[in-house]
Amino acid sequence: MADDKNAPEENARPKINPNDREGLKRAADELLKQDRKAGRKSAWSAETPDESAYEYDDVEGDDAETIANEITELQAENNDMKDRLLRLAADMENLRRRTEREVKDARAFAISGFARDMLAVADNLRRAIEAVTAEQRETADDTLKNLIEGVELTEKSMHSAMERHGVKKLEPENQKFDPNFHQAMFEVPNPEVPNNTVVQVVQAGYRIGDRVLRPAMVGVAKGGPKQNAETEPGAPNPQAEKDA
Numbered sequence: 001m002a003d004d005k006n007a008p009e010e011n012a013r014p015k016i017n018p019n020d021r022e023g024l025k026r027a028a029d030e031l032l033k034q035d036r037k038a039g040r041k042s043a044w045s046a047e048t049p050d051e052s053a054y055e056y057d058d059v060e061g062d063d064a065e066t067i068a069n070e071i072t073e074l075q076a077e078n079n080d081m082k083d084r085l086l087r088l089a090a091d092m093e094n095l096r097r098r099t100e101r102e103v104k105d106a107r108a109f110a111i112s113g114f115a116r117d118m119l120a121v122a123d124n125l126r127r128a129i130e131a132v133t134a135e136q137r138e139t140a141d142d143t144l145k146n147l148i149e150g151v152e153l154t155e156k157s158m159h160s161a162m163e164r165h166g167v168k169k170l171e172p173e174n175q176k177f178d179p180n181f182h183q184a185m186f187e188v189p190n191p192e193v194p195n196n197t198v199v200q201v202v203q204a205g206y207r208i209g210d211r212v213l214r215p216a217m218v219g220v221a222k223g224g225p226k227q228n229a230e231t232e233p234g235a236p237n238p239q240a241e242k243d244a
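Residue numbering for the sequence shown follows the UniProt record's numbering, beginning at 1 and increasing consecutively.
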């Protein structure tokens, strides 16, 4: 009887030649179709889980953590580089401004030494002109008059040349005393002139750009009405008066 029960099952299975590859393939396809219809997985897939899927998930998790760490490191590096670039840009801007200022100062004051030496020539020309009084000019012959005019033209040309190079003569007379540009040599009592007004110039002063090349040696009024924000001149300088 047992043989009779097993007989139909054996008869239901198609007999396949093991050497028939096409037949084996068709049989396998048929079994897969039956499994899908029954809503079941094959015994092999049920008993043996897809380890590659778990392995892929693990690898994906490790990669995500690695990428997050790399992003954090790159952001920190980017912030550091940005800070360095900002500092470098600020340093370069400061260097550019300092260089421009130094070049400007170098151009403006390159002739300071030469100009300072030329002041003695200007002083001597002025002394030569002032040595001739007004009466002598009126009674002078043509030779002396031409000589005086020549000296005056020389002085004028010299001042023009110096001004072209940034050296300008100070004109402090009748101006308020300024210790930055003037040097008080003596005081002149005069109640009618505002106190600390320059009333006499002993020696001309010069400046180059905004820098004093030589302060003007002056005499200032004393005893007159006070000026607003008045600056008291220093004591007369005997040595400067001697040098003048």
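In this text, a Cβ means the ideal position worked out from N, Cα and C, and glycines have one as well.
Since the structure is predicted, the reported quantities are computational estimates derived from the model, not experimental observations.
The region 116-123 and the region 202-213 touch, with three or more beta-carbon pairs separated by less than 8 Å. In this structure, methionine 162 places its C-beta atom within 8 Å of the C-beta atom of alanine 115. In the pairwise beta carbon analysis, the region 145-155 is classified as not touching the region 177-193: fewer than three pairs are separated by under 8 Å. For glutamate 187, the three-state secondary structure derived from DSSP is strand. In the three-state scheme derived from DSSP, where H, G and I count as helix and E and B as strand, glutamine 200 is classed as strand. Looking at the DSSP output, histidine 182 bridges to Ala216.
One Cα belongs to glutamate 102, the other to alanine 108, and the distance between them is close to 10 Å. Proximity to glutamate 173 across Glu155, Asn196 and Ser160 peaks at Asn196, based on C-alpha coordinates.
Closest in alpha carbon position to glutamine 175, among Ala221, Ser160, Val212 and Thr133, is Ala221. Taking the Cα positions, threonine 139 is about 13 Å away from asparagine 146. Contact check for valine 198 against phenylalanine 177 passes: the beta carbons are separated by less than 8 Å. The alpha-carbon separation between alanine 134 and alanine 106 amounts to approximately 43 Å. Contact annotation, glycine 209 with valine 188: C-beta distance approximately 31 Å; criterion of less than 8 Å not satisfied. Around the C-beta of glycine 166, 16 or more other C-beta atoms lie within 10 Å, and the residue is accordingly described as buried. Leucine 125 and methionine 158 do touch by the CB rule: their CB atoms are close to 7 Å apart, below 8 Å. DSSP, reduced to helix, strand and coil, places alanine 221 within a strand of the structure shown.
The C-alpha of glutamine 136 lies about 13 Å from the C-alpha of threonine 143.
Exclusion of the five residues before and after arginine 164 leaves no residue of its chain whose Cβ lies closer than 8 Å to its Cβ.
For lysine 168, the secondary structure class from DSSP, reduced to helix, strand or coil, is strand.
Shown here for glutamate 171: not one same chain residue has a beta carbon closer than 7 Å to its own, the five before and five after excluded.
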